[in-house]
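Just below is one structure, and these are the notes that go with it.
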Amino acid sequence: MPAHKDNSDLKPAARRPGRPRGSKPTATSREQLLDIALNLFARQGIARTSLNAIAKEAGVTPAMLHYYFNSREQLLDAMIEERFLPLRSAIGATFSTHPDDPVAALTLMVKQLAALAVEHDWFAPLWMQEVIGEMPVLRSHLQARFGDEKYQTTLNTLARWQQEGKLNRNLEPALLFTTLLSLVLVPFSRMRSDERLNTLSPESIVRHALAVIGGGIGP
Numbered sequence: 001m002p003a004h005k006d007n008s009d010l011k012p013a014a015r016r017p018g019r020p021r022g023s024k025p026t027a028t029s030r031e032q033l034l035d036i037a038l039n040l041f042a043r044q045g046i047a048r049t050s051l052n053a054i055a056k057e058a059g060v061t062p063a064m065l066h067y068y069f070n071s072r073e074q075l076l077d078a079m080i081e082e083r084f085l086p087l088r089s090a091i092g093a094t095f096s097t098h099p100d101d102p103v104a105a106l107t108l109m110v111k112q113l114a115a116l117a118v119e120h121d122w123f124a125p126l127w128m129q130e131v132i133g134e135m136p137v138l139r140s141h142l143q144a145r146f147g148d149e150k151y152q153t154t155l156n157t158l159a160r161w162q163q164e165g166k167l168n169r170n171l172e173p174a175l176l177f178t179t180l181l182s183l184v185l186v187p188f189s190r191m192r193s194d195e196r197l198n199t200l201s202p203e204s205i206v207r208h209a210l211a212v213i214g215g216g217i218g219p
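Using full-length UniProt numbering, the final residue of the sequence shown is 219, and nothing's skipped along the way.
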């Protein structure tokens with residue numbers, strides 16, 4: 001009779017490279033990686049941030065990052081769909097809430113931008129990186145995935161308000177959003193790093209932006 005074979009010395013099956021220990025990856029780990037990627041993008045720009053840099057910032061191996069996000073494109077898709085689009089929807093909702101009142105809609109938009117900048121530390125600086133950077137990766141990726149339909153719809157709304165005499169005809173619809181975003185998000189982005197602006201508060205930023213769009217710079 002053959003001797004019983006002792007399997008105790010056999011090595012366990014090799015673990016998949018990069019897979020965290022445990023039966024399944026946890027949602028928390030994936031969420032943390034998204035947060036770290038967003039904050040790194042906000043500091044140095046999306047175009048200049050590699051997956052290896054994100055892994056280093058997170059203190060994990062590149063294999064770990066690739067386990068959750070197979071590619072840079074997949075990471076950007078997740079970031080846009082899970083973090084950026086909800087913010088864009090919240091901003092866009094101000095127009096559906098006040099479809100015939102541009103003053104109310106744009107006032108609410110300014111307040112909503114400030115609220116989002118307070119809630120999400122990455123929002124204002126990431127927007128700044130996209131504006132001043134040579135390669136607006138976020139905007140390009142967003143256009144490639146979702147097109148410009150919502151943007152064009154909003155521009156049409158602004159043009160309609162102008163035709164109806166509800167909005168200043170001298171305003172350029174294509175520049176209006178950039179102007180409002182700049183009035184709110186530039187101060188939020190700079191107040192964290194510029195000591196000359198460290199006395200600003202979210203309330204003062206909103207008050208200033210509304211004063212500019214409401215009364216201009218005249219007396």
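Glycine is no exception: its CB is placed at the ideal position from the N, C-alpha and C atoms. Model, not experiment: these values are computed from the prediction.
By the criterion of at least three beta-carbon pairs nearer than 8 Å, the segment 182-189 is not in contact with the segment 75-85. Residues of the same chain with a CB within less than 7 Å of the CB of residue 198, apart from the 5 flanking positions on each side, are 191 in chain order.
Between the C-alpha atoms of residue 90 and residue 98 there is a straight-line separation of about 13 Å. Counted as a single uninterrupted DSSP element, the alpha helix (DSSP H) harbouring residue 188 occupies residues 173-190. The beta carbon of residue 137 sits closer than 6 Å to those of 46 and 47, all from its chain and outside the five residues before and after it, given in chain order. Secondary structure of residue 102 (DSSP, three-state): helix.
Contact check for residue 126 against residue 69 fails: the beta carbons are separated by 7 Å or more. In terms of CA proximity to residue 153, 174 leads the group 164, 174, 71 and 214. Contact between residue 54 and residue 65 holds, with the beta-carbon distance rounding to 6 Å and staying under 8 Å. A distance below 7 Å separates the beta carbons of residue 209 and residue 110. Segment contact: the segment 102-122 against the segment 165-183, three or more CB-CB distances shorter than 8 Å; contact assigned.
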